[in-house]
Amino acid sequence: MGGFQGVTISGVKHTCVGKLAYFIVRSLLNPCTSRSIRNSLWVALRYHTPHLLTADIRAPGICQIHSFFFKVPISNLLVPMADAEPMLVPAPGGEKRACPALEEEEVDHSTKRPRVQKDEKNGGPSHKLPQDEGEEPEGEETEPLEEDGEGEGLGSGEAFAEMMKHGLTELDVGILKFVSEHQGFSGILKERYSDFVVHEINKEGKTVLLDDLSVPEEAEEATVEQPESQVFTEEQKQQLEQLQLFKNKEGDVSIEVADDTKEKRTLVHKAVKTLYPGLETKTEEREGKKFIVAYHAAGQKALAAPRKHSWPKSRGAFCHFVLYKENRDTMEAINVLSKFLRMRPNVFSYMGTKDKRAITVQEIAVLKITAERLSHLNKCLNNFKLGNFCYKKHPLKLGELQGNHFTVVIRNITGTEEQVQQAMSSLRETGFINYYGMQRFGTTAVPTHQVGKAILQDNWKEVIDLILKPRPGAEKGYLVKCREEWAQSQDPEAALQKLPVKRCVEGQLLRGLSMYGKKNIITAFAMIPRNNRLMYIHSYQSFMWNTMVSRRIEAFGLKAVEGDLVLRGGTAFVLSAAEAETHSIQDVVMPLPGFDVIYPTHHVGKGYREMLSADNLDIDNMRHRVRDYSLAGAYRRILIKPSDVSWEVINYEDPRVSLVHTDVEKLEDQPPPVFNKEGKYRALRMEFSLPPSTYATMAIREVLKMDTSIKNQTQLNTTWLN
Numbered sequence: 001m002g003g004f005q006g007v008t009i010s011g012v013k014h015t016c017v018g019k020l021a022y023f024i025v026r027s028l029l030n031p032c033t034s035r036s037i038r039n040s041l042w043v044a045l046r047y048h049t050p051h052l053l054t055a056d057i058r059a060p061g062i063c064q065i066h067s068f069f070f071k072v073p074i075s076n077l078l079v080p081m082a083d084a085e086p087m088l089v090p091a092p093g094g095e096k097r098a099c100p101a102l103e104e105e106e107v108d109h110s111t112k113r114p115r116v117q118k119d120e121k122n123g124g125p126s127h128k129l130p131q132d133e134g135e136e137p138e139g140e141e142t143e144p145l146e147e148d149g150e151g152e153g154l155g156s157g158e159a160f161a162e163m164m165k166h167g168l169t170e171l172d173v174g175i176l177k178f179v180s181e182h183q184g185f186s187g188i189l190k191e192r193y194s195d196f197v198v199h200e201i202n203k204e205g206k207t208v209l210l211d212d213l214s215v216p217e218e219a220e221e222a223t224v225e226q227p228e229s230q231v232f233t234e235e236q237k238q239q240l241e242q243l244q245l246f247k248n249k250e251g252d253v254s255i256e257v258a259d260d261t262k263e264k265r266t267l268v269h270k271a272v273k274t275l276y277p278g279l280e281t282k283t284e285e286r287e288g289k290k291f292i293v294a295y296h297a298a299g300q301k302a303l304a305a306p307r308k309h310s311w312p313k314s315r316g317a318f319c320h321f322v323l324y325k326e327n328r329d330t331m332e333a334i335n336v337l338s339k340f341l342r343m344r345p346n347v348f349s350y351m352g353t354k355d356k357r358a359i360t361v362q363e364i365a366v367l368k369i370t371a372e373r374l375s376h377l378n379k380c381l382n383n384f385k386l387g388n389f390c391y392k393k394h395p396l397k398l399g400e401l402q403g404n405h406f407t408v409v410i411r412n413i414t415g416t417e418e419q420v421q422q423a424m425s426s427l428r429e430t431g432f433i434n435y436y437g438m439q440r441f442g443t444t445a446v447p448t449h450q451v452g453k454a455i456l457q458d459n460w461k462e463v464i465d466l467i468l469k470p471r472p473g474a475e476k477g478y479l480v481k482c483r484e485e486w487a488q489s490q491d492p493e494a495a496l497q498k499l500p501v502k503r504c505v506e507g508q509l510l511r512g513l514s515m516y517g518k519k520n521i522i523t524a525f526a527m528i529p530r531n532n533r534l535m536y537i538h539s540y541q542s543f544m545w546n547t548m549v550s551r552r553i554e555a556f557g558l559k560a561v562e563g564d565l566v567l568r569g570g571t572a573f574v575l576s577a578a579e580a581e582t583h584s585i586q587d588v589v590m591p592l593p594g595f596d597v598i599y600p601t602h603h604v605g606k607g608y609r610e611m612l613s614a615d616n617l618d619i620d621n622m623r624h625r626v627r628d629y630s631l632a633g634a635y636r637r638i639l640i641k642p643s644d645v646s647w648e649v650i651n652y653e654d655p656r657v658s659l660v661h662t663d664v665e666k667l668e669d670q671p672p673p674v675f676n677k678e679g680k681y682r683a684l685r686m687e688f689s690l691p692p693s694t695y696a697t698m699a700i701r702e703v704l705k706m707d708t709s710i711k712n713q714t715q716l717n718t719t720w721l722n
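Residues in the sequence shown are numbered consecutively from 1, following the UniProt record's numbering.
Here it is in structure tokens:
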């Protein structure tokens, strides 16, 4: 846009009559706005506010807008882009989806029949919604919100511990009961991310392992027609590899092609992009000679539509592979892979999302990307490893997995050998209460289920206050400033300017309030991705379920009784006294509240009505005026019994050493960890498998008989480290 490219409007006071013009002009001046959208915005501006403008902003070099409303020269409304956030034109409804190709799998809670509950993620610091150690629910997919790590950090571990003083405990979310009689003991969970290892169990019931990094023969045969590796000299190969790994200080590699034909230049372009994912090429002419310049792809270029290469008809369209990752969540991994491959994230599919603070191994499928291209990523990616490649005709679907296998290390345990034996035997033989874990409810002083309750009550002012108001405990500096600004001014734009990270929930909500105004809170709230919004109300359902199950265990213990519910073919039935004699507690389910479930007929079942009434909600009318927030309800088993349970108590000397032999270490022929029987530290290493939608932390809670909340674990960890 001529001399004003890279600028945006800021600091303009506007009323209702000028708000439309303000945002249209701001979008017109945004260099990120495409030509087609700019033309449409210009038409809208001319149509709705013809008296405000006297110049054509679309013309190159012309940006002279005279506004009788603003009463100031346009130059006074412009600031450098570095000082202001670009105003992007939102998609309809304010939503962004990470994998639109899988949207048909999405669960519509307003119409779907009740089912045994498939878990969702919820909770998290600064209302980022963290991941369960299991997986995403069947049919649900969560838009990853940007990490806060880009901004000012919390600083020391003491600051984080200070924040956790105001966090939740298990008592706060209805987690009260145990099923075993053994004496509990203490220990530290996830002191290191390598203390928590998750292997997916696929739909065939096999544990997914990374044990082969080779490229399948059919992939090599299919690429014979493209002998890219023979295009470059050894020196050029070395330069390109260093460039790919960010070791080339020049920032690009130039390959002279002065005497080559167009066909040969095309082959060089293709070879660079195939053999060195993440690099882009262009042709330049220097002093009469032609050069192909390789450089790192970035921004929109990296996400451009993939180029079409020949794909053998005999080969399956999807390359399935095993993804090993350390301390990264699944969506973060998908975004990294898509950037290096210059593909959009929706070409990837998977059966479930995995926890971030862990080592996880899972199966991924990608559309029409060769195993050879994927294998090259192993050279340039940290904390990731790809292998076990094969081609299939179908993608993966959320919820297809049979479960997850966990290897968990609990460090610094205080229990005796006898206590450990009793605890693990009980876990194997009896199981644990299938509570929703602490991840479900957040880690800050404002629990996510309180936000969910306010949504269901249609109390939107309370929703905004809970998310944006200042809260006790240490937080990242920019969040504290953002909340203080909101509390003082109630100005969404002023508060938004305090946030360097705009894609956290607070940023999305403030952007919506800025665009639609505080009188359109429902529309503004919709700027938060749909499934993240739904997790607030799912969190409230989970809180209800936890509370009612604790009451059920307190009242009737570990046996089926008259009035309990069981599932037959997916439909819930009430047990009679005679039927209760033929069922066990393993058969009993409890409902998550909704308009399409039934409730137990004993007095605990009546507690649902009482609890909902206390929150000003009507159990007979769980439909919401916003269809997305209508609750159909679901059923969830009270008790879960893990399979493949094993354990050992180990002594070790160095607390910094990993106590688990990972798949990558086995591939690299590294020796397993050696334990010193005389070591001064003791740890419990356990293994078990769980079905989908269950929380491994709740199994660990049953073993330790201690609070697994981050608040409690932080206190233990800080004390031990000190």
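Where is the CB? At the ideal position from N, CA and C, for every residue including glycine. Note that this is a predicted model, so its numbers are computed, not measured.
Cα-Cα separation, residue i to residue j
i	j	result
Thr694	Thr360	16 angstroms
Thr353	Glu363	10 angstroms
Lys289	Pro312	37 angstroms
Trp647	Leu667	24 angstroms
Arg428	Lys641	7 angstroms
Ser576	Leu639	20 angstroms
Asp211	Asp669	11 angstroms
Arg483	Ala614	30 angstroms
Thr582	Val561	10 angstroms
Met590	Gly605	9 angstroms
Gly187	Ala526	41 angstroms
Asp587	Gly557	14 angstroms
Lys203	Phe389	17 angstroms
Asp491	Ile521	14 angstroms
Endpoints, beta strand (DSSP E) assigned at residue i
i	result
Cys319	Phe318 to Glu326
Cys380	Premise fails: Cys380 is in no beta strand (DSSP E) and is neither H nor E.
Asn404	Gly403 to Arg411
Thr697	From DSSP, Thr697 is part of no beta strand (DSSP E) but of the alpha helix (DSSP H) over Ala696 to Leu704.
Phe291	Lys289 to His296
Asn388	Phe384 to Lys392
Thr281	Leu279 to Arg286
Ala365	Ile359 to Leu367
Glu332	Glu332 -> not in any beta strand (DSSP E); alpha helix (DSSP H) instead, spanning Thr330 to Leu341.
residue 728	What is shown of the chain runs 1 to 722, which leaves residue 728 out entirely.
Ile175	No beta strand (DSSP E) contains Ile175, which DSSP labels as neither H nor E.
Heavy atom of the ligand SAH within 7 angstroms of residue i beta-carbon
i	result
Lys177	By its list of ligands, the structure shown contains no ligand whatsoever, and the ligand SAH lies outside what it can speak to.
Best match in the options for proximity to residue i [C-alpha to C-alpha]
i	options	result
Ile619	Phe556, Arg625, Val626 and Arg609	Arg609
Lys285	Ser314, Leu267 and Ser254	A small correction: the amino acid at residue 285 is Glu; Lys does not occupy that position in the sequence shown. Of Ser314, Leu267 and Ser254, the residue nearest in Cα terms is Ser254.
Phe595	His583, Tyr635, Val566 and Glu484	Tyr635
Ala494	Val480, Pro591 and Ser514	Ser514
Gly442	Leu534, Ser539 and Thr523	Ser539
Gln419	Val597, Glu702 and Thr708	Glu702
Gly607	Arg551, Ile537, Tyr629 and Ile585	Arg551
Leu565	Ile598, Glu235 and Arg682	Ile598
Thr266	Phe196, Phe406, Thr281 and Gln236	Thr281
His405	Glu417, His394 and His199	His199
Thr571	Gly633, Leu275 and Ala578	Gly633
Ser689	Tyr276, Thr207, Met343 and Arg315	Thr207
Enclosing alpha helix (DSSP H) for residue i [first to last residue]
i	result
Arg568	Counting along the chain, Arg568 falls outside any alpha helix (DSSP H), though it belongs to the beta strand (DSSP E) covering Leu565 to Arg568.
Asp252	No alpha helix (DSSP H) holds Asp252; the beta strand (DSSP E) holding it covers Asp252 to Glu256.
Thr274	Lys262 to Leu275
Met686	Segment Tyr681 to Leu690 is the beta strand (DSSP E) holding Met686; no alpha helix (DSSP H) there.
Close beta carbons around residue i, own chain, < 8 angstroms, minus the five adjacent residues each side
i	result
Gln300	For Gln300, the pLDDT reaches just 40, beneath the cut-off of 50, and the residue's location in the model is therefore unreliable, although a value from the coordinates is still provided. There are no such residues.
His182	Gln419, Gln422, Ala423, Ser426 and Lys705
Asn383	Lys325, Glu326, Asn327 and Arg328
Val664	Leu210, Tyr324 and Lys385
Cutoff 7 angstroms; reference residue i; Cβ partners in own chain excluding five residues on either side
i	result
Lys368	Trp311 and Ala317
Phe675	Ile650, Asn651 and Tyr652
Phe178	Glu702 and Lys705
Proximal residues to residue i (C-beta, below 6 angstroms), its chain only, five neighbours per side dropped
i	result
Gln457	Asn616
Met686	Val408 and Trp647
Trp486	Leu468 and Ala495
Whole alpha helix (DSSP H) runs in the region 575 to 643 with 4 or more residues, listed along the chain?
Qualifying alpha helix (DSSP H) stretches, in chain order: 577 to 580 and 603 to 614.
Length at least 3, wholly inside the region 524 to 565: the beta strand (DSSP E) runs in chain order
The region 524 to 565 is shown to contain no whole beta strand (DSSP E) run of 3 or more residues.
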